[in-house]
Amino acid sequence: MSLDEHVEGQFYWSAESDHCPHGPEPDGDTEAWDEWSDRHPMSDEGRVCLDAPAGTACVECSTGLIDMVPWGECRERIHVRPRNGMVPNPDAEHQEVPVWTGPLDCLDRECDEYFTEAGDDDPAVKVCSHIREEVSCSCRRLGDGEYGLEPCSIRSS
Ligand SMILES: [Zn+2]
Ligand SMILES: [Zn+2]
Ligand SMILES: [Zn+2]
Ligand SMILES: [Zn+2]
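FYI, the numbering for the sequence shown is 4 to 160, going by this note's numbering.
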């Protein structure tokens, strides 16, 4: 499986759920129905309500709303977290932020390399070989505490 296939998507609740503020579907072939259908596009799971966002999720890992994997919890994609969980200058607008990039299992010390052959946690392994060190900028902080890797336009100019 390619990591690139994991993309973030906005998920919406079903038009039939209590989250939809619009009430029941109007009769077809009316202006009311045209307006209603504009706000309730068809998806794999039936019509969804664009005014009832359910949050961002990984499109590849989720099978619709029934099994929605939040974007921050996708275990297959590459995540970007501050190294050692520390940001040197959290309040500065444009500061280098050293980051680790890798799958969640590796950032959470759950991949095989963190364990000895006996299955014990191996404190000698600081980071596993799947993790790369990169540098981001404090302006690239995303909502979930992770960072983007696009270069900062301010600091590099
Ligand atoms: Zn609705
Ligand atoms: Zn995923
Ligand atoms: Zn910046
Ligand atoms: Zn690993």
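Idealized CB from N, CA, C, for every residue including glycine.
Since the structure is predicted, the reported quantities are computational estimates derived from the model, not experimental observations.
By the 10 Å Cβ neighbour count, where 16 or more other Cβ atoms means buried, how is A18 classified, buried or exposed? Translated into positions along the sequence shown, residue 18 becomes position 15. Buried, by the Cβ-count rule.
Assumed close pair N59, V83 - CB separation to whole angstroms, cut-off 8 Å: Within the sequence shown, the letter at position 56 stands for residue 59. Within the sequence shown, the letter at position 80 stands for residue 83. In the sequence as displayed, the identity of residue 59 is Thr instead of Asn. Contact doesn't hold; Cβ gap of about 16 Å is too wide.
On the DSSP letters alone, give me the boundaries of the alpha helix (DSSP H) that C1 sits inside. Nothing in the structure corresponds to residue 1, since the chain is present only between 4 and 160.
List in chain order: all unbroken beta strand (DSSP E) runs of 3+ residues lying wholly within the region 24-69. 49-61
Closer than 8 Å is the cut-off here; do at least three beta carbon pairs connect the region 93-111 with the region 30-47? no
Whole-angstrom distance between C77 and G146, CA atom to CA atom: Numbered from 1 along the sequence shown, position 143 holds the residue referred to as residue 146. Numbered from 1 along the sequence shown, position 74 holds the residue referred to as residue 77. One C-alpha to the other measures close to 15 Å.
What are the start and end residues of the beta strand (DSSP E) that includes S139? Working through the sequence shown from its first residue, we reach residue 139 at position 136. From DSSP, the beta strand (DSSP E) with S139 extends over 135-140.
Is it buried or exposed, A121, if we count other Cβ atoms within 10 angstroms and call 16 or more buried? Reading the sequence shown from its first residue, position 118 is the one you call residue 121. It is exposed - the Cβ of A121 has fewer than 16 other Cβ atoms within 10 Å.
In the DSSP assignment, the beta strand (DSSP E) including S17 goes from what residue to what residue? Within the sequence shown, residue 17 is the residue found at index 14, counting from 1. Unbroken beta strand (DSSP E) run through S17: 11-17.
According to DSSP, simplified to helix, strand and coil, what is M4? One-based indexing of the sequence shown puts residue 4 at position 1. Only weak support is given to the placement of M4: the predicted model assigns it a pLDDT of 45, under 50, and the value that follows is read from those uncertain coordinates. DSSP places M4 in coil when its eight states are reduced to three.
If you check the beta carbons only, do C64 and E48 fall under 8 Å apart? Working through the sequence shown from its first residue, we reach residue 64 at position 61. Working through the sequence shown from its first residue, we reach residue 48 at position 45. It is not a contact, given that the beta carbons lie outside the stated cut-off.
Determine the burial state of I134: buried for a count of at least 16 other Cβ atoms within 10 Å of its Cβ, exposed for fewer. As a working note, residue 134 is residue 131 in the sequence shown. I134 should be labelled buried.
Could you compute how far the alpha carbon of M4 sits from the alpha carbon of I81? Residue numbering aside, residue 4 sits at position 1 when the sequence shown is read from its first letter. Residue numbering aside, residue 81 sits at position 78 when the sequence shown is read from its first letter. For M4, the pLDDT reaches just 45, beneath the cut-off of 50, and the residue's location in the model is therefore unreliable, leaving the point undetermined.
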